[in-house]
C-alpha cells in the first residue's frame, strides 16, 4: 500500500496551490476521478509542456489559468497533480509548485502504528468514554419569545373571483409591447418610502470645535442635480513676526509693488486700447462703470537703443511694461483720469467694450455722420443688465460763453499724478444713447454679452501713423483729445448707405442681428429701437466671441458653448457653417491673419483646436495642448513675412507665446478665392433648403385644405336617384336570398321578383 503524505492546512504550505478541474480538463489530461486517479493512487504527473499548450489554446477558459504564473516559473519538466478527496485545501485538486515539495510527497515519513501495550502509568491517564445521560427539559421562557416573533395572520383574507364573458371564449388574442412607464394598469409598483417607525433620530452628536481669531465665509456653486450646503473651519494662515520682517525687506516684493499696474475703482472685466492714441485705455468695471486711463506721461519709457555695431543707426522699440524687475525702477501706479457716473450707466458688469472707428460718428438717434477730426471719440458697451450704451469722450459745447470770474470760481485743482485729459467726464460721464433688445412676446429682454460691429476690421491705424503720434506727444505737444468738442449735427455731412446693423451674442447662446438706428413710432412719435432683423439660437452656451474675418468684411465667426458658427451678413436663413459638439467647452477664438480658412479655438481643458475649412469641415484639423487650465484669450500676431506668433492666456494668468508653423501661416495658391467659393456654395445650399421648406409648407397647407373640403362636402341626391339606389340594393338582396334557398333545396330556380313587383 502506498503511504499518503498528509499536509496540515493550518500550518501553511506555500508550495500547495488548490484548483478546480472540470470534467473536460480531466479528460484532456487523463486524470479522471475513480478511473485514472483512485484512492490507491491519488496523484498524476503531468508534463509542463501540455499545461502550457492548454493555456495557449483555451487562455482564460483553462482551469490552470489561476496558477499560470506558478506553472510558467516551475523549474522541472513534470508537475505533480494530487486529488484532494476530502477537500482539505478547499478544492478537488491541488498542485505542488516546487520540486522539494514533490520529493517530500513521494518520500513521506511512515506513520507509526499504535501500540497495543500500555505502560502501567498510562492506564490511569487513558480517557474513558461515558455516554451522556438525558435530563428533563426545563423551560426558560424562550417559547414566549418565539411565539412573539412568529408571523400570524391578523386580517381576514380577501377572496377574488375573476370571470370572463362567454362571448370572449375562444376569441383571438393579440400580444403587444407596453411601456411600463406609460401604462400603469399592467403592473404593480412598490416604491420605496420612508417609514417613521424605523427612522433613527439622532439625539446626541460629538462635534469638535476650534476657536480662531478670524472667520472666513466662502460660498461655492454646487451641481443642481444634488444641491448641498457645506461649511468648514480651519486655521487662518498668518505670517509670524519673523516672516513679516523678512517679507517687508524682500527686494522682489518691493519691485513687484512698484511695477506692471493701472488703478481702477473696481475689478476690470474688459478693456480696449484706443485706436487713435494707444496711450488712452478704456475699461469696463464689474460694477457697470467705464474707466479711462491716460498713460501719455509714461510714454518716455519707450527707449531708443542702438543694436549691433556702433556704426548702425537702426533703432529698436522696447515695450512700456517689461517683465524684468530691474528695468522699471520708478513707481508705476497709474490712476484713472475719468470714470463714468454710476447712476446713469450700466447697472451690472460690462461684458464687452468697443471703440467706434475714426471714420464716422453717430448721434442719439443712431444716424451716421462723417468724423472730421478723424479721432476715435465714441465707445459702445454692453452689459448683463440687458442694455447697449453709446458713449462720447468729448465735452458738450457750451452755447453761452462764461465770464472769467465764474470760471475761476468753478476751477478745481487736479492732483499732479492724474492727467487732465478727460477730467470733464469724471463722475458725470453718461451715455448719449441706450438701447435694449426686446424679445417681443415677453417683457424679458435679451442679455447681450458680446458685440460685433461692422467696422471692427478697419479700426486700427497703421504703425507709421502711431509712431508719428508718439513722436509728437514726446516732443511736448498736447494730447489729441485736448480742446475737442462735439460738433453740431447740422454742420456734419451724413453718410448715406452706411450699414448700421451689427451682431450681438446673448447669454442664452443666441446670435442677434439688429440695427442701432432708431425710428419714430407713428402713433406716439417716440424714438424706438427697431426689431431684430434675425435671431438664431445655434449655440448651447453663452456667446463669448464675435469676430469678423480679416479677408471678408461680411463673414463673421461666433463661438459659444460647445460649438462654433460662421455667418454671412445679409443671409438670414442661418449660419453657413456650424460645428458639431466639441469634447470640451469652447472659451475663446480668433481668425488667422494670413489664411482665410483657418481659425483658432481655445477650450476649457487647455487645448487649442485649429480649424482649416479647406482640409476638414466636420472636425478640427489639429488639436494642441497648451496648459492644464481654461484658455481665456487667443490672439495671433504677424512679426514678419516669415514668422507668425500666437498669444494664449489661461485662467491662471499665464501668457503663452507660440510660433505658428509654416503650413498654418502661409496660404496656398488662390486660397482666398477657394474659401470664398466655399462660402458661396453654402449660401446656395441654405437658399435651396429654405426654398424646399416653403414648398413643403405650401403642400401641407394644400393637403389640409383638401381634407377640410372633403370633410365638409355634402352630396344632395334627387328622389329618383334615391329610389334607383334602393332598387339596386333590393334586387341584389333578392338574388342572394334565391341562391341560398336553391342551394338548400327548399325551392327550385325561379325568377327573382323585381323591386316594383315586391312593392
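In the numbering used here, the protein residues as written are 55 to 813. C-beta atoms are modelled at their ideal positions from N, C-alpha and C, and glycine is treated no differently. Owing to the predicted nature of the structure, the values given are computational and were not obtained by experimental measurement.
In this structure, how does DSSP classify residue i when only helix, strand and coil are distinguished?
i: residue 104; result: helix
i: residue 786; result: helix
i: residue 672; result: coil
i: residue 594; result: coil
i: residue 572; result: strand
i: residue 295; result: helix
i: residue 698; result: strand
i: residue 716; result: helix
i: residue 357; result: Residue confidence is low: residue 357 scores 39 on pLDDT, short of 50, so the model does not pin down where it sits. Its coordinate-derived value is still stated next. Residue 357 falls in the coil class under three-state DSSP.
i: residue 738; result: helix
i: residue 119; result: helix
i: residue 779; result: helix
i: residue 174; result: Unreliable placement is indicated for residue 174, whose pLDDT of 47 sits below 50; the coordinate value is still reported in the next sentence. Looking at residue 174 - three-state DSSP - the assignment turns out to be helix.
i: residue 207; result: coil
i: residue 94; result: coil
i: residue 706; result: coil
i: residue 512; result: Per-residue confidence for residue 512 stands at a pLDDT of 48, beneath the threshold of 50, marking its modelled position as unreliable; the derived number appears in the next sentence. Of the three classes helix, strand and coil, the one that applies to residue 512 here is helix, per DSSP.
i: residue 414; result: strand
i: residue 392; result: strand
i: residue 566; result: strand
i: residue 652; result: strand
i: residue 57; result: The pLDDT assigned to residue 57 is 38, lower than 50, so where the model puts this residue is not dependable, and the model offers no usable value.
i: residue 801; result: coil
i: residue 219; result: coil
i: residue 259; result: coil
Determine which residues share a DSSP beta bridge with residue i and list them.
i: residue 657; result: 640
i: residue 339; result: 322
i: residue 602; result: 610
i: residue 621; result: 610
i: residue 583; result: 572
i: residue 679; result: 661
i: residue 502; result: 560
i: residue 796; result: None, per the DSSP bridge assignment.
i: residue 589; result: 566
i: residue 327; result: 335
Which two residues bound the contiguous beta strand (DSSP E) that contains residue i?
i: residue 549; result: It is not in any beta strand (DSSP E) - residue 549 carries neither H nor E in the DSSP assignment.
i: residue 713; result: 709-713
i: residue 441; result: 441-446
i: residue 437; result: 432-437
i: residue 137; result: 132-137
i: residue 71; result: 70-73
i: residue 690; result: 685-692
i: residue 490; result: 487-490
i: residue 348; result: 344-348
i: residue 254; result: First-last for residue 254: undefined, no H or E at that position.
i: residue 187; result: Counting along the chain, residue 187 falls outside any beta strand (DSSP E), and DSSP gives it neither H nor E.
i: residue 423; result: 422-424
Since residue i and residue j are thought to touch, with beta carbons under 8 Å apart, how far apart are those beta carbons, to the nearest angstrom?
i: residue 642; j: residue 685; result: 6 Å
i: residue 83; j: residue 104; result: 7 Å
i: residue 102; j: residue 125; result: 7 Å
i: residue 647; j: residue 725; result: Not quite, the Cβ-Cβ distance comes to about 13 Å (not below 8 Å), so this is no contact.
i: residue 670; j: residue 657; result: Going by Cβ atoms, the distance from residue 670 to residue 657 rounds to 17 Å, so no, they are not a contact pair.
i: residue 506; j: residue 602; result: 6 Å
i: residue 821; j: residue 652; result: Outside the displayed span of the chain (55 to 813) sits residue 821, for which this structure offers no information.
i: residue 644; j: residue 674; result: The Cβ separation is near 14 Å, so there is no contact.
i: residue 134; j: residue 73; result: No, residue 134 and residue 73 are not in contact; Cβ-Cβ is about 13 Å, not under 8 Å.
i: residue 614; j: residue 579; result: At roughly 38 Å, the Cβ-Cβ gap does not stay under 8 Å, so residue 614 and residue 579 are not in contact.
Counting along the chain, where does the alpha helix (DSSP H) carrying residue i start and finish?
i: residue 124; result: 122-126
i: residue 202; result: 196-203
i: residue 616; result: Note, residue 616: premise wrong, no alpha helix (DSSP H); not H, not E.
i: residue 147; result: Run containing residue 147: none in the alpha helix (DSSP H); it sits in the beta strand (DSSP E), 147-150.
i: residue 402; result: Careful: residue 402 lies outside any alpha helix (DSSP H) and carries neither H nor E.
i: residue 78; result: 77-82
i: residue 154; result: 153-160
Does at least one heavy atom of the ligand MN sit under 8 Å from the Cβ of residue i?
i: residue 632; result: This structure does not include the ligand MN; it has no bound ligands of any sort.
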